[in-house]
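Here the structure is laid out as structure tokens; the discussion comes afterwards.
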Amino acid sequence: MTKAIKRLKNSDSVDVFKLSNNIFKLISHTFIIPLTVCINKCLTEGYFPDELKLSRICPVYKKGPKNIPESYRPISIIPVFSKVIEIIVHDQLISYLECNGYLNISQFGFRKGKCTTDAIDALVRQILDSFENKASAQATFCDLSKAFDCVDHKELIAKLNYYGVNGIPLKFFQSYLSNRRQKVSINGNWSNEIEVRTGVPQGSVLGPLLFLVQVNDLPSSVGAKYILYADDTTFLNVHSDFDSLKNLVNSTVEEASTWFRANGFLLNESKTKNIIFSLKQKPLNNPSQNICTTVKFLGIHIDDNLTWNSHIEFISKRLCRVIFLLRRILYCVPEDYVRSLYFAFFQSIIKYGLVIWGNSSNIKDILILQKKAIRVMSKVEPLEHCKPLFIKLKIQTVINLYIYDSVVFTLKNLQSLIFSSDLHGYNTRNKNKIAIEHCRLTKTQHSHLVISQKIFNKLSNLSNKYPEKIFLIKFYDWLLENPFYALSEFLDLPERRICF
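Going by the UniProt record's numbering, the first residue of the sequence shown is number 1, and it counts up by one from there.
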């Protein structure tokens with residue numbers, strides 16, 4: 001119980017009982033025993049209190065005219081007591097589903113050890129495989145209208161029952177989903193209560209996991225390859241012939257639409273986008289298919305040739321705005337504060353998905369902007385040499401960040417890789433190196449799949465010298481003292497020079 005309470009996010013937002021997470025965490029020790037008794041009673045009897053099903057809705061302004069509802073985003077705040085119960089139940093349910101292998105392996109959303117980068121990696125791997133096999137791939141990025149609000153409670157209960165959640169646990173979820181209400185709060189004024197009859201509770205702990213259960217059987221109804229990240233659904237069809245590929249895509253969209261309708265979801269076909277990945281000359285674009293040359297997938301802009309130019313162009317504009325901000329505040333705040341702003345607003349933009357797109361030929365554009373930011377922070381002339389400044393500020397170059405993230409990525413996927421020692425029984429000096437699979441295409445050879453393994457091979461002996469966490473800390477510190485401006489600088493470095 002104590003651990004569950006500690007996991008509550010620090011927040012001063014109050015629920016319908018005027019209780020916030022922060023206040024609850026401060027006073028919980030005074031009633032933790034009776035609270036534990038009450039929660040155990042709820043779990044053993046399969047009951048969720050009606051008083052904890054009332055959510056407070058706070059409209060938060062997004063953009064547009066302030067006098068129309070569409071300009072606001074509704075934020076749902078559920079009772080704090082509800083969150084504590086949900087944390088406990090969530091841990092039990094996710095453990096049950098994961099241990100029994102019920103959750104789809106291509107579902108990357110809301111799961112421990114999986115993230116958006118893993119989903120992007122899965123998509124790029126399949127596209128590169130199609131290139132290697134002299135085929136083309138078409139990805140369909142489905143747009144579902146308010147997917148979390150469309151979950152049918154009866155369907156969800158039936159699916160929980162199908163996966164073996166029955167008896168008292170199923171009774172608990174039936175109670176949890178029934179008789180849910182919400183009311184809007186604006187400037188201290190409250191609306192009337194409204195019953196919520198569909199959807200998983202927004203702002204809840206259990207809601208995202210229950211949504212995963214609802215969409216878990218979608219892939220079995222569609223013949224295409226797929227990548228799922230919560231409600232972001234992407235299908236990938238592969239074929240060497242464009243006409244056959246078009247037929248496969250049409251069949252996939254029809255199958256998916258049928259499943260969406262049967263499960264209460266609405267596919268927004270006008271916002272559903274397609275992109276053809278091919279090294280061949282592509283057919284003329286048919287407007288009815290909504291085919292694009294670039295698409296934004298989980299925050300990364302992907303173009304039809306996997307050059308990553310569109311993504312670099314996009315983040316370059318964002319980085320320019322951050323540099324302007326740094327220049328404006330430079331003489332108004334302490335240096336440590338400026339450095340903190342750099343990490344929060346500049347480096348965070350660079351690092352997102354970097355392991356996927358970091359070997360692009362246009363990465364130098366990001367490095368140029370990074371140097372400009374470093375010079376601004378250091379209050380030096382525009383042509384000042386930057387390597388000493390990177391070391392002084394203890395900031396990694398974008399190349400260093402890419403190298404480090406590539407090593408982390410490889411360590412995460414180490415179990416699926418083949419080592420030289422697996423191919424023969426000889427005790428050679430390369431036994432700890434990854435046996436990199438031969439690739440037909442230069443594009444694949446320059447992809448994150450191969451480059452990350454080449455980077456790791458430069459460190460293969462050192463990686464076995466330390467426990468993983470210690471190795472990564474020492475390697476990060478070594479990179480801080482050795483700023484690289486190009487990946488080739490690191491790869492051409494003799495292994496004896498890499499020591500820590």
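The beta carbon of each residue, even a glycine, is placed where N, CA and C say it ideally should be.
It should be emphasised that the depicted structure is a prediction, and the values quoted were computed from it without experimental measurement.
Residue burial classification, residue i (beta-carbon count within 10 angstroms, cutoff 16)
i: S204; result: buried
i: V333; result: exposed
i: Y226; result: buried
i: W308; result: buried
i: I403; result: buried
i: T44; result: exposed
i: R180; result: buried
i: G164; result: exposed
i: C499; result: exposed
i: T252; result: buried
i: N457; result: buried
i: K273; result: buried
i: P34; result: exposed
i: L383; result: exposed
i: S220; result: exposed
Residue i to residue j span [Cα, whole Å]
i: A256; j: A135; result: 23 angstroms
i: L52; j: V376; result: 52 angstroms
i: N290; j: R496; result: 53 angstroms
i: I315; j: I168; result: 50 angstroms
i: R261; j: L267; result: 8 angstroms
i: R327; j: N305; result: 36 angstroms
i: F409; j: E381; result: 37 angstroms
i: W190; j: K114; result: 39 angstroms
i: I473; j: K454; result: 20 angstroms
i: C150; j: V222; result: 20 angstroms
i: L245; j: L441; result: 22 angstroms
i: N494; j: C386; result: The sequence shown places Pro at residue 494, rather than the Asn named in the question. The alpha-carbon atoms of P494 and C386 are separated by roughly 24 angstroms.
i: T30; j: K83; result: 18 angstroms
i: D231; j: N161; result: 22 angstroms
i: C99; j: L144; result: 29 angstroms
i: I350; j: L209; result: 30 angstroms
Residue i (DSSP reduced to helix, strand or coil)
i: I276; result: strand
i: A344; result: helix
i: T410; result: helix
i: R180; result: strand
i: K364; result: helix
i: T252; result: helix
i: N21; result: helix
i: T293; result: coil
i: Q138; result: strand
i: R327; result: helix
i: W308; result: coil
i: I75; result: strand
i: P334; result: coil
Own chain residues within Cβ distance below 7 angstroms of residue i, not counting five before or after
i: K372; result: I323
i: I186; result: P59
i: P283; result: F242
Integer-rounded CB distance, given that residue j should sit under 8 angstroms from residue i
i: H448; j: N359; result: 6 angstroms
i: S452; j: S488; result: With 8 angstroms as the limit, S452 and S488 do not qualify as a contact, their Cβ atoms being about 15 angstroms apart.
i: T140; j: F17; result: Their Cβ separation, rounded to whole angstroms, is 45 angstroms, which puts T140 and F17 out of contact at 8 angstroms.
i: I391; j: P483; result: 6 angstroms
Beta-carbon contacts of residue i that lie in its chain and below 6 angstroms, excluding the five residues immediately before and after
i: L393; result: none
i: L417; result: I434
i: L228; result: S106 and Q107
i: residue 505; result: Look at the range of the chain in this structure, 1 to 500, and you will see that residue 505 is not part of it.
Nonlocal neighbours in the same chain, by C-beta distance under 8 angstroms from residue i, ignoring five residues either side
i: N432; result: F419, S420, S421, S460, N461, S463 and N464
i: L330; result: V338, V376, M377 and K379
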